[in-house]
Every structure is written in structure tokens, then in C-alpha cells.
């Protein structure tokens, strides 16, 4: 897909969709990494979580979106917890 030059977003997806997709990708990577217990997979999962958080932090926040963003943050927190448990 083509990136929109002024925002860096993938065309056809708004910022909230981008956040949702990045959180889902992080969840899948964490699930896979915790099943494999492969250090490289864990590293990639950590990067996916970090990328999703960065995207959330860069996104303009409105009161309307706050509930959605809170839910996405909770999902990322769960991913971090699951990953830290797997690393122990």
C-alpha cells in the first residue's frame, strides 16, 4: 500500500485503524514468541509492542477516542505482562 506523505499512514486506514492493527500485530507476535520461547522472537515481540506504543503516543487524542485508546493500552499492557512472564 502507498503511504500518505504528510502523515506516514497507510492509505485507506485512519490513525485509529493503524493503532488497532499494530496492537493486534503485537498480540500475535507475543503469542508466538511465548509459545516458541525463542530469544529472537521475543525481541521482535518487544519491538512490536514498542512500535504500537509509539504510534499511540504520536496520534492526536480527542475525548471521543479516549475509551478506544485506553482499551488498546490495556491490551499492550497485557502483552508486556505475558512477555515478561515468558522470559522468567
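In the UniProt record's numbering, the protein residues as written are 1 to 88. Idealized CB from N, CA, C, for every residue including glycine. These numbers were taken from a predicted model, which means no experiment stands behind them.
Straight across, the Cα-Cα distance linking residue 57 with residue 18 is about 12 Å. If you draw a straight line from the Cα of residue 49 to the Cα of residue 77, it comes to about 9 Å. Membership of residue 61 in any alpha helix (DSSP H) is not indicated, and neither H nor E is assigned to it by DSSP. Burial state of residue 46 is buried, judged by a 10 Å Cβ sphere holding 16 or more other Cβ atoms. If you look at residue 36, you'll find it in the alpha helix (DSSP H) that goes 15-36. In the assembly as shown, residue 84 is an exposed residue. Its beta-carbon has fewer than 16 other beta-carbons within 10 Å.
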